[in-house]
Each structure stands twice: as C-alpha cells, then as structure tokens.
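In what follows, a structure is listed as structure tokens, so that the remarks can point back to it.
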Ligand SMILES: *Cc1c(COP(=O)(O)O)cnc(C)c1O
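Numbering (my numbering), first residue to last: 132 to 353.
Below, the structure written as structure tokens:
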C-alpha cells in the first residue's frame, strides 16, 4: 500500500474524537510530502534536530509534535514552532520549556509522560511524581507552558490483557486529573496507542494515537 492509502485506511478507523499523529521519524521529506498531499497536518518526530530540519522545508501549516525523550539543552531549537511536546517527565524540563517559550512570546502545550509499562527502560512519571509536580509552587508560576494532557507507552508484548490494563491505568489517572484545573493545567488529551496497539488504546479512551510504521512502513535505523 502507498503512504496515502495506508493513511486514509487508518483515518477511516478513527472516530472524530481521536487525533492522528503521523510519526515520520527517520523518514525522508518526500514521504512526509506524500502524507501532506493526502491531507495529514500533524507529524510526530522523536529527535529535535531532525524535526527542525523538516520544519524548515515543509509547509508552515503543519503541527509538529515532539514525541521522543527531550534533552533540556535542545529545547531551544524547537521552542519557536513546536506545537505539542508529548514526553515531559520532569519539572526541570518543564521549566526549560517555559523559559524558551517565553523568549518567543508563546505558550507551549505539553503532555506529561506517565510510566505505565512494566519495562524499567521506558521514561515517565509515576502517580506520586505527577502529583508532586502539578501541586508544586514552581509549576504554578510557569506561565509559558500549558499541560494539556498525558502520554504513555504500554509494555512491548503480545499479551493484550497486559497492554489493556496499562492503558486502563493511564485512563484512570487522566480522568482523575480532569477535575483539577489551574491556569496552566487543563487536561484534555490522552496520547496513547502506536501501530501495534492503537485499537486497544482507543478502546481504553485514547484521544490521540501516534502511528508510524503502519503509515510509512518499517523503519531502518542504520
Ligand atoms: C516511534 C514512536 C511511535 C510510533 O511507533 P510505530 O510502532 O511505528 O507506530 C509512537 N510513539 C513514540 C513515542 C515513538 O517513539
């Protein structure tokens, strides 16, 4: 299937309540252009340098989502244009995003990444760290960031029950946060689900799926 056909097939499966992030990491600009021509306007990348190179040459009505782990010292390169940062997992990082956003007179939307998988390798906050972050005095002073939701990745396993359970846990935390609102906290987005598990994620209440290989084909990391 072509990129266009894959994209449209997936879009057809998503209800209006679920936003599709086309994960284009490692893929050449020509692939992104094909998806763009088919109507896709939200792209996800996991390296700031690569995303910035693509932002420079692609049409300006694209929304760029940073879905990877963010190094504090690289925030400055995307602060001018990034539309949503999915992988925020510390107050330190949030402070840096706030500082760089301020330089560009913007408010940057962020998702807090929760650790829901069994593997210890995956980044993210646990529930206690989340509570500490959003109730801290420093958080409330960050006027140039908006926390608009949560992101999580399930364990990489064939065990559907486990994946389902992990997504359900994240959905529960998400729901509990929805009643807490402050000037820079208003959670509406639940980013969960990738090529292998987005249907399970949608069943559990995902509002944003990040799909790469099912659209662009498998990646070649060389
Ligand atoms: C690469 C990546 C995806 C997309 O993965 P696919 O399996 O190719 O759909 C989604 N989320 C994150 C955080 C990623 O790094």
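Note that the Cβ used here is the ideal one computed from N, Cα and C, for glycine as well.
For residue i, the first and last residue of its enclosing alpha helix (DSSP H)
i           : result
residue 161 : 160-168
residue 345 : 344-347
residue 134 : 134-144
residue 229 : 222-234
residue 263 : 258-266
Three-state class that DSSP yields for residue i in the structure shown
i           : result
residue 372 : Any question about residue 372 goes unanswered here, given that the chain covers just 132 to 353.
residue 311 : coil
residue 154 : strand
residue 193 : coil
residue 331 : helix
residue 239 : strand
residue 184 : helix
residue 273 : coil
Terminal residues of the beta strand (DSSP E) in which residue i lies
i           : result
residue 294 : From DSSP, residue 294 is part of no beta strand (DSSP E) but of the alpha helix (DSSP H) over 291-308.
residue 337 : Taken as a continuous stretch (DSSP letters only), residue 337 belongs to no beta strand (DSSP E), as it is neither H nor E.
residue 322 : 316-322
residue 215 : 215-219
residue 282 : 276-283
Rounded C-alpha distance that separates residue i from residue j
i           : j           : result
residue 204 : residue 191 : 25 Å
residue 350 : residue 178 : 14 Å
residue 348 : residue 341 : 14 Å
residue 91  : residue 273 : The chain is shown from 132 up to 353; residue 91 falls before or after that span and cannot be answered.
residue 180 : residue 317 : 29 Å
residue 295 : residue 133 : 30 Å
residue 270 : residue 301 : 22 Å
residue 202 : residue 165 : 30 Å
residue 315 : residue 210 : 17 Å
residue 284 : residue 323 : 6 Å
residue 291 : residue 331 : 8 Å
residue 142 : residue 334 : 16 Å
Selected residue, minimal CA-CA separation from residue i, among the options
i           : options            : result
residue 303 : 266, 247, 278, 291 : 247
residue 255 : 208, 143, 347, 199 : 199
residue 139 : 161, 318, 169, 148 : 169
residue 337 : 326, 309, 298      : 298
residue 183 : 163, 213, 289      : 213
residue 265 : 323, 329, 221      : 221
residue 287 : 327, 267, 280, 319 : 327
Cβ-Cβ distance between residue i and residue j below 7 Å
i           : j           : result
residue 175 : residue 154 : yes
residue 244 : residue 197 : no
residue 150 : residue 339 : yes
residue 229 : residue 275 : yes
residue 319 : residue 280 : yes
Please list, in chain order, all residues with a C-beta atom less than 5 Å from at least one heavy atom of ligand 3.
In terms of ligand content, the structure shown lacks ligand 3 and carries ligand 1 instead.
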